[in-house]
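Offset between the sequence shown (1-based) and the numbering used here: plus 238. In this text, a Cβ means the ideal position worked out from N, Cα and C, and glycines have one as well. Inspection log for the structure reproduced underneath, given as structure tokens.
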Amino acid sequence: MGTQTPNYADLAKQHGSIYSIHESDASFLPPEIMRIKNAVGAELVKGQPYASAYGDAIASVGVNEPNKIEINNPAKFAKGAAQTIAHETTHLWQNQLPGPIQKAIPLDNPNHPYDLSNIDQLRAQGRTLATLPHEQAAFIVQSYTADPAQRKRLQPWIDDLNKTPLSVEMPTPPNAKGIISQIRPPTPPIQAYQSPAELKTQAAALQQKFAQSGLAPQEKHIPPITAKPISPIPAQPANALNKHANPEDQPPQVSLAFNKNWSKPGPYAAKLAPQEETEFRKWAAANPQSVKGEVGPAPNFDPLPMADYDVRAHFHASKIGDPAATLVPNKWDGKLHGNDKFKTPYNGGFSNESMYALPNAPRWVGNRLMTHDGKLVTDETPRK
Ligand SMILES: [Zn+2]
């Protein structure tokens with residue numbers, strides 16, 4: 239990445255992401271960024287082309303902008319959407335930090351705003367993500383998202399995102415003394431309504447999924463979701479995704495990105511009639527293993543935003559005698575699994591048999607799940 243004549247004043251107008259680095263197939267939006275994205279109600283909007291001294295911006299966030307990410311170059315954006323969203327969401331987070339923290343953010347290095355070569359030294363000096371220059375911090379989160387090889391080195395900075403107080407209600411202007419705690423008016427996405435505790439639980443559940451898929455280092459500080467001990471996961475190389483791994487273990491965003499072109503629009507959570515909802519909650523309380531990872535805590539058992547299986551639709555099907563509600567032994571692990579009918583697009587094994595699929599979704603050909611243009615999604619031929 240070459241640098242051109244710097245123009246700090248220009249960059250200061252908007253925080254742009256200029257570079258797209260190679261985005262690994264194993265890229266995903268870290269749960270810490272999802273939390274920020276949901277809490278601030280981040281919105282992607284179409285922007286005008288924006289030329290900065292470093293090159294044309296792919297996307298940008300205005301100074302003090304609380305929640306809008308402008309897409310300035312849609313074609314480039316499409317090549318590395320996850321990393322660009324991660325970069326720009328970091329700017330939204332910076333814009334909503336408590337005022338005194340925002341004021342203390344150092345200026346970008348005008349010659350090399352995206353240079354990460356000194357960050358280990360800065361960490362040793364006690365700096366955190368909130369006390370790095372705007373672009374350096376954003377590029378750390380962008381690199382973490384795009385490049386699994388960097389995640390171990392960059393993890394402490396990502397952890398900082400969860401340690402910072404943040405208004406999950408109204409934006410905090412830079413001159414505020416603390417964070418704003420006024421209620422944010424209802425806006426989609428629904429995750430914005432979640433309490434910090436619920437968001438934390440969701441982030442922990444996602445971290446666990448990532449860790450199990452070998453994409454993220456095991457997190458010691460994330461509390462386990464259930465009281466049951468979690469068996470240690472053998473370390474896997476990050477690029478093992480989808481080679482010999484069960485695609486159902488891949489992060490939900492990865493599956494959604496793969497499945498979005500053949501999915502009906504969401505939400506992917508059936509609503510039950512009040513009486514049946516009461517029965518469902520009773521059943522869920524008695525069968526925690528059957529709803530684990532798909533619904534939130536008792537007593538409401540609300541569907542998790544990225545649930546990969548619609549357990550309420552399954553429950554309803556069993557009530558009305560739908561044969562699809564019968565659990566079948568899975569070819570992958572021999573355990574009883576639910577029918578494809580209730581898989582959501584967040585599921586790596588999503589097929590045209592799902593109630594949420596469009597006709598062009600991948601279909602099973604024997605033990606192989608194939609896309610409509612003949613690419614193998616997964617091969618569940620029994621192995622020894
Ligand atoms: Zn930026």
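When beta bridges are read from the DSSP output, residue 614 appears opposite 608. When the five nearest sequence neighbours on each side are left out, the beta carbons in the same chain lying within less than 8 Å of the beta carbon of residue 285 are those of 297, 298, 308, 309, 310, in order along the chain. From the listed residues 584, 552, 339, the smallest Cα separation to residue 514 is found for 552. Annotation for residue 319: no beta strand (DSSP E) segment contains it, though the alpha helix (DSSP H) segment containing it runs 319-333.
Measuring C-alpha to C-alpha distances from residue 497 to each of 328, 594, 320 identifies 594 as the nearest. For residue 337, the enclosing alpha helix (DSSP H) has its first and last residue at 337-341. Relative to the Cα of residue 379, the nearest Cα in the group 605, 255, 575 belongs to 255.
For residue 601, no alpha helix (DSSP H) run applies; the uninterrupted beta strand (DSSP E) run containing it begins and ends at 601-603, by DSSP. Counting along the chain, residue 297 sits inside the beta strand (DSSP E) bounded by residues 297-300. At a Cβ-Cβ threshold of 9 Å, residue 545 and residue 584 count as neighbours. DSSP assignment within the region 257-281 yields the following whole alpha helix (DSSP H) runs of 4 residues or more, N-terminal first: 269-278. Closest in C-alpha terms to residue 360, from the list 549, 349, 330, 392, comes 392. Distance from the CA of residue 550 to the CA of residue 606, rounded to the nearest whole angstrom, comes to 27 Å.
In the structure shown, residue 558 falls within a coil segment according to DSSP collapsed to helix, strand and coil. The straight-line gap separating the alpha-carbon atoms of residue 303 and residue 333 is approximately 7 Å. Going by DSSP, residue 515 is part of the alpha helix (DSSP H) stretching over 512-524. In this structure, the CA atom of residue 491 is about 7 Å from the CA atom of residue 267. For residue 502, no alpha helix (DSSP H) run applies, since DSSP gives it neither H nor E.
Taking all protein chains in view, the Cβ of residue 357 is crowded by 16 or more other Cβ atoms within 10 Å, so the residue is classified as buried.
Of 324, 318, 387, the smallest CA-CA separation from residue 280 is found for 324. Taking 9 Å as the cut-off, the Cβ atoms of residue 260 and residue 384 count as close.
The C-alpha of residue 275 is placed about 24 Å away from the C-alpha of residue 294. Straight through space, the alpha carbons of residue 601 and residue 536 are spaced by roughly 35 Å.
Distances from the CA of residue 306 to each of 316, 350, 329, 399 were compared; the closest alpha carbon is that of 329. Of all alpha-carbon atoms in 503, 502, 341, 538, the one lying nearest the alpha-carbon of residue 512 is that of 538.
Under the DSSP assignment, residue 308 falls in the beta strand (DSSP E) whose first and last residues are 306-309. For residue 381, the uninterrupted alpha helix (DSSP H) segment begins and ends at 372-384.
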